[in-house]
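J.:
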Amino acid sequence: QVQLVESGGGAVQPGRSLRLSCVASGFTLSNYVMHWVRLVPGKGLEWVAVISDDGRSKFYGDSVKGRFTISRDNSRNTLSLQMNNLTAEDTAVFYCARTPTNKITVAGARFDYWGQGTAVIVSS
Amino acid sequence: DIQMTQSPSSLSASIGDRVTITCRTSQSISNYLNWYQLKPGKAPRLLIYGASSLESGVPSRFSGSGTGTDFTLTISSLQPEDVATYFCQRSYRTPPYIFGQGTKVQIK
Numbered sequence: 004q005v006q007l008v009e010s011g012g013g014a015v016q017p018g019r020s021l022r023l024s025c026v027a028s029g030f031t032l033s034n035y036v037m038h039w040v041r042l043v044p045g046k047g048l049e050w051v052a053v054i055s056d057d058g059r060s061k062f063y064g065d066s067v068k069g070r071f072t073i074s075r076d077n078s079r080n081t082l083s084l085q086m087n088n089l090t091a092e093d094t095a096v097f098y099c100a101r102t103p104t105n106k107i108t109v110a111g112a113r114f115d116y117w118g119q120g121t122a123v124i125v126s127s
Numbered sequence: 037d038i039q040m041t042q043s044p045s046s047l048s049a050s051i052g053d054r055v056t057i058t059c060r061t062s063q064s065i066s067n068y069l070n071w072y073q074l075k076p077g078k079a080p081r082l083l084i085y086g087a088s089s090l091e092s093g094v095p096s097r098f099s100g101s102g103t104g105t106d107f108t109l110t111i112s113s114l115q116p117e118d119v120a121t122y123f124c125q126r127s128y129r130t131p132p133y134i135f136g137q138g139t140k141v142q143i144k
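So the sequences go chain by chain: P and S.
Quick note: the first sequence uses our numbering, first residue 4, plus one each step.
Quick note: the second sequence uses our numbering, first residue 37, plus one each step.
#1: On the DSSP letters alone, give me the boundaries of the beta strand (DSSP E) that Asn-70/S sits inside.
#2: Can you find a CB in chain S that lies within less than 9 Å of the CB of Val-123/P?
#3: Which residues mark the beginning and the end of the beta strand (DSSP E) in which Asp-106/S is found?
#4: For Tyr-122/S versus Tyr-68/S, is the C-beta distance shorter than 9 Å?
#5: What does the alpha-carbon distance come out to for the pair Lys-46/P and Gln-137/S?
#6: Applying the criterion that 16 or more other CB atoms from any shown protein chain within 10 Å of the CB defines a buried residue, is Ser-50/S buried or exposed?
#7: Can you give me the start and stop residues for the beta strand (DSSP E) that Ile-65/S sits inside?
#8: Would you identify the three-state DSSP class for Leu-89/P, choosing helix, strand or coil?
#9: Relative to the C-alpha of Tyr-133/S, which candidate in Ser-127/P, Val-109/P, Thr-81/P, Glu-92/P has its C-alpha closest?
#10: Using Cβ-Cβ distances below 8 Å, what residues of the region 89 to 103 of chain P are close to chain S?
#11: Does Ser-127/S come within less than 9 Å of chain P when only Cβ atoms are used?
#12: Do Ser-83/P and Ala-14/P have their beta-carbon atoms positioned less than 9 Å apart in this structure?
#13: Give a yes or no on whether the C-beta atoms belonging to Ser-113/S and Arg-54/S are separated by under 9 Å.
#14: Which residues, in order along the region 105 to 123 of chain S, keep a beta-carbon less than 7 Å from a beta-carbon of chain A?
#15: Name the two residues that bound the continuous beta strand (DSSP E) containing Glu-91/S.
#16: Where does the unbroken beta strand (DSSP E) through Glu-49/P begin, and where does it stop?
#17: Keeping to the same chain, check which residues put their C-beta closer than 6 Å to that of Pro-77/P; ignore five residues upstream and five downstream.
#18: Look at the Cβ atom of Leu-82/S, then the Cβ atom of Phe-114/P, and state whether they are nearer than 9 Å.
#19: Looking only at C-alpha atoms, which of Gly-69/P, Thr-94/P, Val-36/P sits nearest to Gly-58/P?
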């Protein structure tokens with residue numbers, strides 16, 4: 004069955020970096036657009052970033068643009084999120100999620116599978 | 037930018053009650069609206085896509101309706117396992133992918 008397993012979260016000081024990973028199984032990663040979405044305490048879900056099936060196209064939410072980088076290694080079934088210059092506002096549970104399409108800018112995109120998330124706490 | 041307003045922010049209902057959650061957008065998004073269920077420590081779950089299509093494996097007590105700017109998620113008979121937070125998400129003119137503010141559902 005489809006599984007997404009995130010790792011790499013933890014507690015970090017403001018200004019530091021962290022790299023999250025998501026290992027996919029049960030489907031062919033290279034056929035799907037993939038995302039990072041976060042659950043911010045007291046605020047709700049916020050979409051973070053998306054990457055095309057071949058890794059060539061990437062888009063980011065305004066709050067992380069210039070600080071976060073999404074990437075993928077289809078040969079290793081892995082999605083990654085490099086997070087630099089972290090602030091307290093980045094404290095959240097981060098989920099990787101799949102869109103059942105191979106195009107980013109398609110109407111009707113939905114997140115059909117999610118991982119269980121990895122928690123990131125940014126605090127001094 | 038298209039604004040989304042989800043209501044209520046929380047509700048309490050009895051087992052067996054009919055529960056309704058609303059999502060409104062500032063501009064028409066046709067039927068490009070999805071609904072998700074979040075439980076602590078679990079992977080979020082897609083319930084409804086395309087405003088009214090039930091995702092495979094989701095109990096039939098969940099339903100979605102609406103088009104244009106007004107959308108509804110209905111739980112026809114609330115069950116204990118439905119305690120969760122529910123989010124709507126517009127899938128029109130993406131990215132970005134915008135979520136509603138969330139509705140926390142509890143048992144009275």
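Where is the CB? At the ideal position from N, CA and C, for every residue including glycine.
T.: By the coordinates alone:
#1: Counting along the chain, the beta strand (DSSP E) containing Asn-70/S begins and ends at 69 to 74.
#2: For Val-123/P, the answer is no, since every Cβ of chain S falls outside 9 Å of its Cβ.
#3: Residue range 106 to 111 is occupied by the beta strand (DSSP E) that includes Asp-106/S.
#4: Pairing Tyr-122/S with Tyr-68/S gives a Cβ-Cβ distance that is not under 9 Å.
#5: Rounded to the nearest angstrom, the two C-alpha atoms are 7 Å apart.
#6: Label assigned to Ser-50/S: exposed.
#7: No beta strand (DSSP E) contains Ile-65/S, which DSSP labels as neither H nor E.
#8: Leu-89/P falls in the coil class under three-state DSSP.
#9: Measuring from the Cα of Tyr-133/S, the nearest candidate turns out to be Val-109/P.
#10: Of all residues in the region 89 to 103 of chain P, the ones placed with a Cβ closer than 8 Å to any Cβ belonging to chain S are Tyr-98, Ala-100, in chain order.
#11: It does: the Cβ of Ser-127/S has a partner Cβ on chain P nearer than 9 Å.
#12: In this structure, Ser-83/P does not lie closer than 9 Å to Ala-14/P by Cβ.
#13: If you check the CB distance, Ser-113/S and Arg-54/S come in under 9 Å.
#14: Protein chains P and S are contained in the structure displayed, whereas chain A is not.
#15: Premise fails: Glu-91/S is in no beta strand (DSSP E) and is neither H nor E.
#16: Annotation for Glu-49/P: the continuous beta strand (DSSP E) segment containing it runs 47 to 54.
#17: A small correction: the amino acid at residue 77/P is Asn; Pro does not occupy that position in the sequence shown. Within the same chain, Asn-77/P has close Cβ partners Leu-32, Ser-33.
#18: Yes, these two residues count as a Cβ contact at 9 Å.
#19: When each option's Cα is compared against that of Gly-58/P, the closest is Val-36/P.
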